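What follows is a single structure, written as structure tokens, with notes after it.
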Amino acid sequence: MKELTQRRNLDFKHIINKIKSDGMAEIDNFLDEDSVEKLQKYIFEEINNQPKGYMGCVGKKNLKGSPLENIDSEYGINSILESLLPQISGNKIKDKKLYQVLRVLFGENQGLKKAYKFHYDAYALTALLPILIPEREDGMNGDFLYSMQRRKLHQNFLRNVIEKFIIQNSISQFFLSKSFIRKKLNLKVCRLKPGKLYIFSGFQTIHGNSPCSPNSPRATVLFHYADPFSQNMCFKLVERLNILRVDLKRKIGK
Ligand SMILES: [Fe+2]
């Protein structure tokens, strides 16, 4: 199988070095053109079926029967993340759960509302697979933005709440929406390209995206791997409520 051959040929040492030195590793030609086209066709069908706005979905259960349902195992994404984790976490994190999200920005100004929502992910590693990325001359393509200033990978629940609050509150989000602040903080800009796979430490890296035109759909699949707080009941409750909240918002299209 072509994809698995590609995975076997991956240089994990190089990927880890890139994540540690540049904040992110890019794997070229991860999907061939036919696969990208097939996935793009699926996204357009979903968008056309929901003219009020389609936001994608959270979890695999909502992708049943779609070409995205088993994409993690078909392309060996879970194996790649499993191989990388010990070198990122130093065997501290035992959780091996993969949490899949299809994120679509389109219609009703979704691409504007979701811009500059900087955050840390809840999981140690994040793989980002762009499916549909606008190529607009006005620059409203939803570029991926991230910081090289990273927090430590840890399992202290209170510290995690405080760190997340510092970034994910409306005042910080306001300042981070200003380009001179982003320049001062040396935030990096990555123009995503369908067919590539991007891997970074979502837990450690502040990240978000630039505005995306409401007229041009942007679709990415996110694979979140290894939860440092998998044993923490408080965290599980907060996460469960968050999934329900996002699910509900997507259902009512807000
Ligand atoms: Fe994220």
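With our numbering as the guide, the letters of the sequence shown map in order to residues 35 to 288. Glycine residues also receive a C-beta, built at the ideal position from the N, C-alpha and C atoms. Computed from a predicted structure; not experimentally measured.
Would you mind giving the Cβ-Cβ distance between residue i and residue j, rounded to the nearest angstrom? I have them listed as a contact below 8 Å.
| i | j | result |
| --- | --- | --- |
| residue 257 | residue 161 | 4 Å |
| residue 230 | residue 62 | 6 Å |
| residue 187 | residue 123 | 6 Å |
| residue 166 | residue 74 | 5 Å |
| residue 159 | residue 259 | 4 Å |
Under a Cβ-count criterion, where at least 16 other Cβ atoms within 10 Å of its own Cβ denotes burial, should residue i be classed as buried or exposed?
| i | result |
| --- | --- |
| residue 80 | buried |
| residue 244 | buried |
| residue 246 | buried |
| residue 195 | exposed |
| residue 236 | buried |
| residue 278 | exposed |
| residue 275 | exposed |
| residue 35 | Caution applies to residue 35, whose pLDDT of 45 falls short of 50 and renders its modelled position unreliable; the model cannot decide the point. |
| residue 39 | Confidence in residue 39 is poor, its pLDDT being 45 and thus under 50, which makes the residue's placement unreliable; the coordinate value appears in the next sentence. With fewer than 16 other Cβ atoms within 10 Å, it is exposed. |
| residue 163 | buried |
| residue 68 | exposed |
| residue 268 | exposed |
Measuring alpha carbon to alpha carbon, tell me which residue in the options is nearest residue i.
| i | options | result |
| --- | --- | --- |
| residue 26 | 159, 102 and 113 | No information on residue 26 is available, as it lies outside the stretch 35 to 288 that the chain covers here. |
| residue 225 | 170, 262 and 279 | 170 |
| residue 96 | 167, 135 and 66 | 135 |
| residue 172 | 249, 48, 60 and 117 | 249 |
| residue 128 | 264, 47, 159 and 275 | 264 |
| residue 177 | 132, 150 and 202 | 150 |
| residue 94 | 85, 104, 209 and 87 | 104 |
| residue 192 | 73, 266, 108 and 52 | 266 |
| residue 114 | 91, 262 and 44 | 44 |
| residue 66 | 59, 109, 47 and 53 | 109 |
| residue 107 | 132, 119, 205 and 238 | 132 |
| residue 121 | 272, 184 and 49 | 49 |
| residue 262 | 98, 241 and 154 | 154 |
Under 6 Å: does the beta carbon of residue i sit that close to some heavy atom of ligand 3?
| i | result |
| --- | --- |
| residue 140 | With respect to ligand 3, the structure offers nothing, as its ligand set consists of ligand 1. |
Taking 7 Å as the CB-CB cut-off, is residue i touching chain D?
| i | result |
| --- | --- |
| residue 229 | In the displayed structure, chain D is absent; only one protein chain is listed. |
Ligand 1 site residues, beta-carbon cut 7 Å against heavy atoms: Every residue passing the under-7 Å Cβ criterion appears here: 153, 155, 160, 236, 241 and 256.
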